[in-house]
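Comments concern the structure below.
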Amino acid sequence: KYISLFFFPPPQVLLLARAEDLECVPGFQQKVFYIEQPFEFTENQPILNLEFDDCKGNNKLNFEVSNPDFMVERDGSVVALKNISEAGRAFFVHARSEHAEDMAEVLIVEAKEKHGALKEIFKIESTLGIPRQKRAILATPILIPENQRPPFPRSVGKVISREGAEGEKFRLSGKGVDQDPKGIFRINEISGDVSVTRALDREAIANYELEVEITDTTGKTIDGPVRLDIFVIDQNDNRPMFKEGPYVGHVMEGSPTGTTVMRMTAFDADDSSTDNALLRYNILKQTPTKPSPNMFYIDPEKGDIVTVVSPVLLDRETMESPKYELVIEAKDMGGLDVGLTGTATATILIDDKNDHPPEFTKKEFQATVKEGVTGVIVNLTVGDRDDPATGAWRAVYTIINGNPGQSFEIHTNPQTNEGMLSVVKPLDYEISAFHTLLIKVENEDPLIPDVAYGPSSTATVQITVEDVNEGPVFHPNPMAVTKQENIPVGSVVLTVNATDPDTLQHQTIRYSVYKDPAGWLEINPTNGTIGTTAILDRESPYVQDNKYTALFLAIDSGNPPATGTGTLHITLDDVNDNAPSLYPTLAKVCDDAKDLRVVVLGASDKDLHPNTDPFKFELSKQSSPDKMWRITKLNNTHAEVILLQNLKKANYNIPISVTDSGKPPLTNNTELKLQVCSCKKSKMDCSATDALHISMALILLSLFSLFCKSFP
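Per the working numbering, numbering through the sequence shown is continuous, rising by one, with the last residue being 788.
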């Protein structure tokens, strides 16, 4: 078999016109090789020869290959370790001696790709834009490994002028020369040698596009500019990094072998087209190591973590811990020993599924409760092996038998998962002294298909009701009666009826007054007859909405005695027992007033209709021969007092009577005090009035009547 070998000479060979212009540059003398893909690479047959020179004898020279199917012998020969029909598109060779190290790339191409690949590297014609043969400047691409070690400056290539006229000078410009970052490259203006002044970083800048031109002694451009490309060759100087953490995955217990849990992806800043960024993944450590030290596997290329144990071992309830931590390593250079590594921790949680039904801790529970009491009477305990943080553990209780009156309810204690059985309707010992309940327990989440609830998921609760001395009960309660106010003291209001619910006990009942706000009532302690001890007054402040409320006690003869409370509402019918009242009782008027309407009077009555309005307003007899005022009714509740003439400044009392419409009607006699004042400049002066003008005849008549009654 024959293998076609294609390579391009080092940049120095292309750039130098004479061999004596060369100087030793440590490293591979050629950076990129092209070999044609054969039908098969034959084991131990040399493929090509690599030339590495550290310029100091190549002491302790060692080669490493990124593809494990190839190796480089001490003399630089590349051989296959076995017969290979498919070797990929490229591999890298790393050389290291006591004084230098370098990287070369071997590209495996089809025959039709040979010419295109070389043309791409050198950018022939299409890159320069004009025919090369017409240029006096020869500037071929320069390849420089990143991270070179001192000393600097270091020669990396050379630009040649075909004409080489005397006085010509080379000038270099562009990013990396006279543009930021400045000063990285420079050129010997006489010889055309290009040098780098410091180490390069491909991850910062991967290539530089410079321009070379030839100037005369005055600095005038006589040729160019010509483009000079400088490519930075990647070195493996960046470790893989996991940037997307924290990494947490979940897998359901009992999952089939090969179930994907999660994916771990690392990032490498090196050239993604080279093995420098070709990552391989590996699990370095698993914690805990039980039930198997190899519970999971990671796809070395994709980073997918999958389960590798049987579903039986992936049982959350039997595990030491449902949480596993995996230390994941990512290594570049395709996982070779020379690769750089980065690590991260993957946390995998084994999620619970409902594969264990809840079970009561015993088949029968006992509870005792006093009659008439409500609340929790017993806590039912269950066990469940599932995860307490999930619905596969949380219990739901149901009373399935023995609760026809809905006297019981059961709820789940969210902290303990116990069933809290409560009495919600008071129990009656006299009706039933024992109750038997059948209760089942289930989970919030349904069980998995191959698991079912068994007999242990039901339990019986035996409840014993204790007898207590219950207080008597009034019938009805509250009690209501209607009475007329002002009925005679001692009148019977109502006879109450109270019974003792303790029918199995023979007890007597006595009655007493508990609350009687107005002190109007009494009760016979033996027969429960309620009578009046005072007049019932509908207008009393203790009566609200015509209703008076009192409380009574019924006390049995138990030990200790029990008490029942009864409420009595007495609705009071109104009688005409309140005379109407008049307002206002004071009025003022100017002595020279033109409007002699003095005041509008109103009347009110505490009673209810029909014992109130319409009211009748009247003036008492006026003693003076000349009438001085009159009263005129305005409506059912108001009347107006009008002067018949202007009066002198003085105080006057006008006797007025107002009568309601009750049967019999009630009358109220009231004196309206009228002040006649002097008014000047809109000011009313009612001080220093004349002597009080009242009907002297009426006063004398009243005094005479009193005198006659005192001496019969």
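Don't be surprised by glycine CBs; every beta carbon is placed ideally from N, CA and C.
Can you give me the Cβ contacts of residue 661 inside the same chain, cut-off strictly under 8 angstroms, excluding the 5 residues immediately before and after it?
746, 747, 748, 749
Between the segment 542-553 and the segment 483-491, do at least 3 Cβ pairs fall closer than 8 angstroms?
Segments in contact, no.
When the Cα of residue 383 is compared with those of 410, 336, 403, which residue comes out closest?
The shortest C-alpha to C-alpha distance from residue 383 to any of 410, 336, 403 is the one to 336.
Count the other C-beta atoms from every protein chain shown that fall within 10 angstroms of the C-beta of residue 433, then say buried if there are 16 or more, exposed otherwise.
Classification for residue 433: buried.
Bridge partners for residue 705 per DSSP, in chain order?
Its beta-bridge partners are 719.
Stretch-stretch touch, CB-based, cutoff 8 angstroms, three pairs: the segment 402-421 with the segment 313-324
yes
If you draw a straight line from the C-alpha of residue 100 to the C-alpha of residue 131, how long is it?
6 angstroms
Would you grab the beta carbon distance between residue 218 and residue 232 for me? Rounded to a whole angstrom, and I think it's under 8 angstroms.
5 angstroms
Same chain, Cβ closer than 7 angstroms to residue 754, neighbours up to 5 away in sequence not counted:
667, 725, 761
Note down the Cα distance separating residue 551 from residue 437, rounded to an integer number of angstroms.
47 angstroms
So, helix, strand or coil for residue 546, using DSSP?
In the structure shown, residue 546 falls within a coil segment according to DSSP collapsed to helix, strand and coil.
Among 354, 729, 439, 412, nearest to residue 705 - alpha-carbon criterion
729
DSSP has residue 166 in a bridge; who is on the other side?
According to DSSP, which records beta bridges pairwise, residue 166 is partnered with 183.
Rounding to the nearest angstrom, what Cα-Cα distance links residue 441 and residue 535 in this structure?
8 angstroms
At the level of alpha carbons, what is the spacing between residue 683 and residue 605?
30 angstroms
List, from N- to C-terminal side, the beta strand (DSSP E) runs of 3 residues or more that fit wholly inside the segment 475-546.
Taking only runs of at least 3 residues, the beta strand (DSSP E) segments lying wholly in the segment 475-546 are 484-488, 495-499, 510-519, 534-542.
Applying the 10 Å Cβ sphere with the 16-neighbour rule, what's the burial state of residue 462?
buried
Between the Cα of residue 587 and the Cα atoms of 614, 124, 515, 571, which residue gives the shortest distance?
Ranked by Cα distance from residue 587, the options 614, 124, 515, 571 are led by 571.
Expressed to the nearest angstrom, what Euclidean distance is found between the alpha-carbon atoms of residue 295 and residue 221?
Roughly 33 angstroms separates the two Cα atoms.
Hey, could you find the ends of the beta strand (DSSP E) residue 678 is sitting in?
673-680
Distance, Cα to Cα, residue 142 vs residue 258?
The alpha-carbon of residue 142 is positioned some 35 angstroms away from that of residue 258.
For residue 224, count neighbouring C-beta atoms within 10 Å of its own C-beta (all shown protein chains included) and say buried if the count is 16 or more, exposed if not.
Taking a 10 Å sphere around the C-beta of residue 224, we find 16 or more other C-beta atoms and assign the residue as buried.
Between the segment 639-646 and the segment 570-585, do at least 3 Cβ pairs fall closer than 8 angstroms?
yes
Identified DSSP bridge partners for residue 695:
732
Buried or exposed: which applies to residue 393, given that a residue is buried once 16 or more other Cβ atoms fall within 10 Å of its Cβ?
exposed
Starting from residue 588 and walking both ways along the beta strand (DSSP E), at which residues does that stretch end?
585-591
Assign residue 340 to buried or exposed, taking buried as 16 or more other Cβ atoms, counted over all protein chains shown, within 10 Å of its Cβ.
buried
Assuming residue 694 contacts residue 613 (C-beta within less than 8 angstroms), just tell me the rounded distance between them.
In fact, because the Cβ distance is near 29 angstroms, the residues do not count as touching under 8 angstroms.
Endpoints, beta strand (DSSP E) assigned at residue 617:
Premise fails: residue 617 is in no beta strand (DSSP E) and is neither H nor E.
By a C-beta neighbour count over all protein chains shown, 10 Å radius and 16 as the cutoff for buried, is residue 386 buried or exposed?
Using a 10 angstroms sphere on the CB of residue 386, the tally of other CB atoms stays under 16, which defines it as exposed.
Other residues of its chain near residue 199: CB distance less than 7 angstroms, five sequence neighbours each side excluded:
Residue placement at residue 199 is flagged as unreliable, the pLDDT there being 40, under the threshold of 50; the coordinate-derived value follows with that caveat. Taken in chain order, the residues that qualify are 217, 305.
For residue 283, list the residues DSSP reports as bridge partners.
307
Excluding five sequence neighbours on each side, which residues of the same chain lie with their C-beta closer than 6 angstroms to the C-beta of residue 195?
Confidence in residue 195 is poor, its pLDDT being 43 and thus under 50, which makes the residue's placement too unreliable to answer from.
Any 3 or more C-beta pairs closer than 8 angstroms across the segment 174-181 and the segment 101-108
yes
Would you please state the rounded distance, in angstroms, between the beta carbons of residue 468 and residue 516? I believe it to be under 8 angstroms.
Actually they are not in contact, since the Cβ atoms of residue 468 and residue 516 sit about 17 angstroms apart, beyond 8 angstroms.
Residue 716 and residue 673 - do their beta-carbons sit closer together than 8 angstroms?
yes
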